[in-house]
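Student:
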Amino acid sequence: MRHLRLLSLAVAATTALALASCATDAPTTASGADIPRAEEGAFPLTIEHAYGETTITEQPERVATVAWANHEVPLALGIVPVIQEKVTWGDDDGDGILPWVEDRLAELGVEPPALYDPTDGIDFEAINDAAPDVILAAYSGLTQEEYDTLSKIAPVVAFPDVAWETSLEETIEMNAAALGFPAEGAALIDEVHAQVDDALAVYPALEGAKVLFSYIDPADFSKIGFYTTHDTRPGFLSSIGLPLPAVVEEESSTTDQFYVEVSAEEADRFDDVDVFVTYGDDAESFIAALQADPLLSQIPAIAAGRIAVLQNSTPLAASANPSALSIGWGISPYFELLSAPLAG
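Rendered as structure tokens:
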């Protein structure tokens, strides 16, 4: 039996890559799409995570996902989930699916999977009705109770250590391994890294820039909220070589929380920030309001207008939380947004 904590990419690279996706006897999903055959020797395997261990004895044919982005890994591998969570933030056309996922479904020539509405939490009944063989939740905030309930339906791949702190690479590794494609998962990570490198090379102004991924409530300028390195947004920026502002390093070292707030009276702690990136509705008026505030205007980046505003609940704003398919769709416009305040 294979035992997985986080799959070694070096080992994965030696695994056979050949898939029998064109085999006439290949199983199909509810959408009618063929399921690629798992890599030889992939099963059985055991995956360790925050709530213990999950053993998967054979290749899953019906895949369910919960939370953000987990469904993108099977889709990238050519596997259509039988059910996934409906998107409630960043959706541009109201169908509950982000555009890069729509693009991938079109590439595969399949209909969208069933969606459940997460407004009131996980819809256990809908997931149970979908009769999955495995439930992917490597990037999630599952509670112990939710994990236990889902485990009565099918084997569950929960997050490795702390809720909502699974990196892009870990999410791909764990979910791909659970489906029987560790080497394909490694190849997908390499592809994503190449997409990032190519896009970053186009925006040299970002090199060495200290970017603070923040959230400043337009109705309350008394606090400065920002994401720590435990969150995938600044974690991603750090992973591609951008240095961290001192305040992010300091706060990240003292907490396991993905988001913290400090008083605006501590504005001097943000003196080394080159670019503030935040969410907002009207960039021009929001930046003007920040610059008019007596405390926030003391921050050099704000005073100079080095602020990148991600339009609330748009696909680009959603893509700032990187995932297997969103990188290829949105990394270039995202880097363009971040680098624009540094121009000149």
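Using our numbering, you'd call the opening residue of the sequence shown number 16 and step up by one each time.
Yeah, the Cβ is synthetic: ideal placement off N, Cα and C, and Gly gets one too.
1) DSSP three-state label for ALA146, please.
2) Could one say the Cβ of LEU215 lies closer than 8 Å to chain E's Cβ atoms, at least one of them?
3) Inspect the beta-carbon positions of ARG321 and PRO356 and report whether they are closer than 8 Å.
4) May I have the straight-line CA-CA distance separating ALA41 from GLN272, to the nearest angstrom?
5) Of the choices GLU68, LEU60, GLY109, ALA79, whose alpha-carbon is the least far from that of PRO330?
6) Work out the CA separation of GLY111 and VAL102 for me, nearest whole Å.
7) By the 10 Å Cβ neighbour count, where 16 or more other Cβ atoms means buried, how is ALA358 classified, buried or exposed?
8) Are at least three pairs of beta-carbons, each pair with one atom in the segment 112-124 and one in the segment 173-190, less than 8 Å apart?
9) Could you tell me whether the segment 291-299 touches the segment 263-278, using the rule of 3 or more Cβ pairs below 8 Å?
10) Just to confirm my understanding: we take SER338, look at its own chain, exclude 5 residues before and 5 after, and list those with CB closer than 6 Å. What are they?
11) Can you tell me where the alpha helix (DSSP H) holding GLN306 begins and where it ends?
12) Under DSSP, the beta strand (DSSP E) around GLU184 begins and ends at which residues?
13) Around the Cβ of PRO260, are there at least 16 other Cβ atoms within 10 angstroms (buried) or fewer (exposed)?
14) Taking contact to mean 3 or more Cβ pairs, one atom from each stretch, closer than 8 Å, check whether the segment 241-250 and the segment 308-316 are in contact.
15) Out of ILE342, LEU227, LYS238, which has the shortest C-alpha to C-alpha gap to GLU265?
16) Going straight from the alpha carbon of MET114 to that of ILE94, what length do you get?
17) Would you mind sorting GLN10 into buried or exposed? The rule is 16 or more other CB atoms within 10 Å of its CB.
18) With 16 other CB atoms within 10 Å as the buried threshold, where does THR80 fall?
19) In the structure shown, what three-state DSSP assignment does ILE204 receive?
20) Please classify ALA318 as buried or exposed, where buried requires at least 16 neighbouring CB atoms within 10 angstroms.
21) Near THR181, which residues of its chain fall below 7 Å by C-beta distance, leaving aside the five closest residues on each side in sequence?
22) Can you look up GLN326 in the DSSP assignment and give me helix, strand or coil?
23) Among LYS238, THR270, SER267, LEU325, which residue has its Cα nearest to the Cα of ALA282?
24) For THR247, does the count of other Cβ atoms within 10 angstroms reach 16, so buried, or fall short, so exposed?
25) Should SER390 go down as buried or exposed, given a rule of 16 or more other Cβ atoms within 10 Å for buried?
26) Since GLU171 sits in a beta bridge, which residues does DSSP pair it with?
27) Can you name, in chain order, every residue of its own chain whose Cβ lies under 7 Å from the Cβ of ASP289, other than the five neighbours on each side?
28) Find out if the Cβ-Cβ distance for the pair ILE98, PRO75 is shorter than 8 Å.
29) Tell me which residues share the same chain as ASP232 and place their Cβ nearer than 8 Å to its Cβ, disregarding the 5 neighbours each side in the sequence.
30) Below 8 Å, can you find three or more Cβ-Cβ pairs linking the segment 160-174 to the segment 50-64?
31) Report the three-state DSSP secondary structure of SER267 (helix, strand or coil).
32) Roughly how many angstroms lie between the CA atoms of PRO249 and PRO197, to the nearest whole one?
33) Please say whether GLN210 and GLY343 have beta carbons closer to each other than 8 Å?
Tutor: Let me lay it out:
1) coil
2) In the displayed structure, chain E is absent; only one protein chain is listed.
3) yes
4) Unreliable positioning characterises ALA41 in this predicted model, as indicated by a pLDDT of 44, which lies under 50. The coordinate reading is nonetheless provided below. Rounded to the nearest angstrom, the two C-alpha atoms are 44 Å apart.
5) GLY109
6) 4 Å
7) exposed
8) no
9) no
10) ALA84, GLU87
11) 298-307
12) Unbroken run through GLU184 is the alpha helix (DSSP H), 183-194; no beta strand (DSSP E).
13) buried
14) no
15) LEU227
16) Sequence check: residue 114 is Pro here, not Met. Distance between the alpha carbons of PRO114 and ILE94: 18 Å.
17) Residue 10 cannot be examined here, being either before or after the span of the chain that is shown, 16 to 359.
18) buried
19) helix
20) exposed
21) ALA153, TYR154, PHE174, PRO175
22) strand
23) LYS238
24) buried
25) Outside the shown range of the chain, which is 16 to 359, sits residue 390, and nothing can be said about it.
26) A quick correction: the sequence has Val, not Glu, at residue 171. BP columns for VAL171 point to ILE150.
27) ALA224, LYS225, VAL226, ALA316, ARG321, LEU357
28) no
29) LYS238, GLY240
30) yes
31) helix
32) 26 Å
33) yes
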